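Worksheet: the structure to be examined is printed underneath.
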Amino acid sequence: MARIAPATFIGTGKLEEIVDSLPELDVNMVIFDDELSPRHQRELEKAFGENIQVLDRSALILDIFAQHARTREGALQVELAQYEYRLPRLTRQWSHLARQAGGGAARGGSGGVGLRGPGETQLEVDRREIGRKISQLKKELEAVRAHRGRHRAQRERAGIPTVALVGYTNAGKSTLLNALTDSDVYVANQLFATLDPTTRRVTLPSGRLVLLSDTVGFIQKLPVTLVAAFRATLEEVIEADVLVHVVDVNHPKAWHHVEVVEDTLAELDAVRIPKILALNKIDLGENAEPIDHESLGYESVVRISAQQSIGLEDLLASLGRILADNMVTMSLLIPYTQGDVLSLVHNRGVVVSENHTEHGAEVIARVRPRLAGQLNDFVVKPADMGDESAS
């Protein structure tokens, strides 16, 4: 198709071809692998008849998300995205929308439409009511975001590094999380099996503790409404110390998936975060062509099978190296009355040297940048990164 038809998205000839084939195919739904404007959808529904439902890519993804929302946060995010997507497509009473959205009526929403004022159309009333629902959902999600932010602040105060698993949907992120942490996070061979971030602890070969978070899978042409609605969840990606990009190397479009994820990370302004490329499912063979990973900014590449626990030691070792490389060297004098601070440095950093004096413990340590800010009160002098004592 050379261009999009203003009225029906597809040209007249293709539209007639689809209309003629509907009775023979005996279908009740037509899905477009692109986003349709409200006008496109209305005109297509007229052309196909009232018994044929028209879905575009965004609506299909939203419906899949609604089926997989298992927590209150996930349900709120999906419900908000559904309302924002359907509001401009509203042409009649919206009671059917309230039933379809991600549990709004079931959560105790009004579910009804208020009385009309003088000269006000039913459509205007419906739009105002949906606008009220959207505002309420945004407030609830903001509360969720604040709660998640408080938890993140606690982790930062503890100085525990965070690692986020990212990747195209169905690449094996949840399976990898289970394999590394001996967990039982829900895993399924389906799109978007994970909507809500799941965080578990994992110990690196050095003995260092990190927090590993599974995140929602990315996909080509991810609807804008979903990116906005899942802001609270995607903050786990933005705030991570390291990203592990999991790729299904057995998939024939593996490198296209890599590009999609890279584009999404750029939209999230997460390109500054160190990344590891984890080529997953090597036990099933490799259909993907080799790629110049350094040109994409990856610190290292590891070949793994999360299902068969192959290469996981290499992955953990790479994580340890990257976290160590991104640490700050500090020279500290910690009074003996501040034993909790000394324990924090030992548990969350790498102690290069320690000397006990009458004034306290003189420590040269390498710590994460976020922890370094908490130790400024104990700094004796900035340690030279090239100093032999810090090597």
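Okay, so the sequence shown: first residue is 0 according to numbering that gives the first Met the number 0, each after it adds one.
Virtual Cβ for every residue (Gly too), placed ideally from N, Cα, C.
For clarity, every value in this text was computed on a predicted model and none was experimentally measured.
| Check | Outcome |
| --- | --- |
| First through last residue of the beta strand (DSSP E) which encompasses Leu208 | Leu208 to Asp213 |
| Inter-residue Cα distance where the pair is Thr197 and Gly10 | 45 Å |
| Nearest-angstrom Cβ-Cβ length linking Gly310 and Lys274, presumed shorter than 8 Å | No, Gly310 and Lys274 are not in contact; Cβ-Cβ is about 17 Å, not under 8 Å. |
| Cβ shell of Ile133 (< 8 Å), same chain only, five flanking positions each side left out | Leu79, Tyr82, Glu83 and Leu86 |
| Per-residue DSSP class, three states only, for Ile363 | strand |
| Cβ-Cβ separation, Phe8 to Phe31 (assumed contact under 8 Å), whole Å | 7 Å |
| Cβ contact check for the region 334 to 343 and the region 303 to 319: 3 or more pairs under 8 Å | no |
| Ala371 to Met329 span [Cα, whole Å] | 8 Å |
| Three-state class that DSSP yields for His355 in the structure shown | strand |
| C-alpha gap between Ala163 and Glu261, whole angstroms | 14 Å |
| Test item: CB-CB of Leu203 and Leu318 under 8 Å | yes |
| Residues near Val26 by beta carbon distance below 8 Å, same chain, minus five either side | Ile51 |
| Identity of the residue in Pro160, Gln76, Leu122 and Phe217 nearest Lys137 by Cα | Gln76 |
| Proximity below 8 Å, CB of Asp33 to CB of Asp62 | no |
| Asp25: CB within 7 Å of a non-hydrogen atom of the ligand SAM | This structure simply doesn't include the ligand SAM, nor any ligand for that matter. |
| Option in Ala4, Arg71, Ile333 and Leu210 with minimal Cα separation from Thr356 | Ile333 |
| For Ser36, the three-state DSSP class (helix, strand or coil) | coil |
| Of the residues Leu331, Leu89, Ala65 and Val241, the one placed nearest Gly130, counting alpha carbons only | Leu89 |
| The region 163 to 179 contacting the region 264 to 284, beta-carbon criterion three pairs below 8 Å | yes |
| Residue range of the unbroken alpha helix (DSSP H) whose run includes Leu14 | Thr11 to Leu24 |
| Cα-Cα separation, Arg71 to Leu59 | 21 Å |
| Burial state of Phe191 (16 or more Cβ within 10 Å) | At Phe191 the pLDDT is 46, less than 50, meaning the model places this residue with poor confidence; the figure from the coordinates comes in the next sentence. Buried is the call here. |
| Within 8 Å, strictly: CB atoms of Leu314 and Ile272 | no |
| Bridge-paired residues (DSSP) for Tyr297 | Lys274 |
| Proximity below 8 Å, CB of Val257 to CB of Leu175 | no |
| Beta carbon of Arg180 nearer than 8 Å to that of Val165 | A small fix is needed here, since residue 180 is Thr in this sequence, not Arg. For Thr180 and Val165, no; Cβs fall outside 8 Å. |
| Buried versus exposed, by CB contacts within 10 Å (16 or more), Glu235 | buried |
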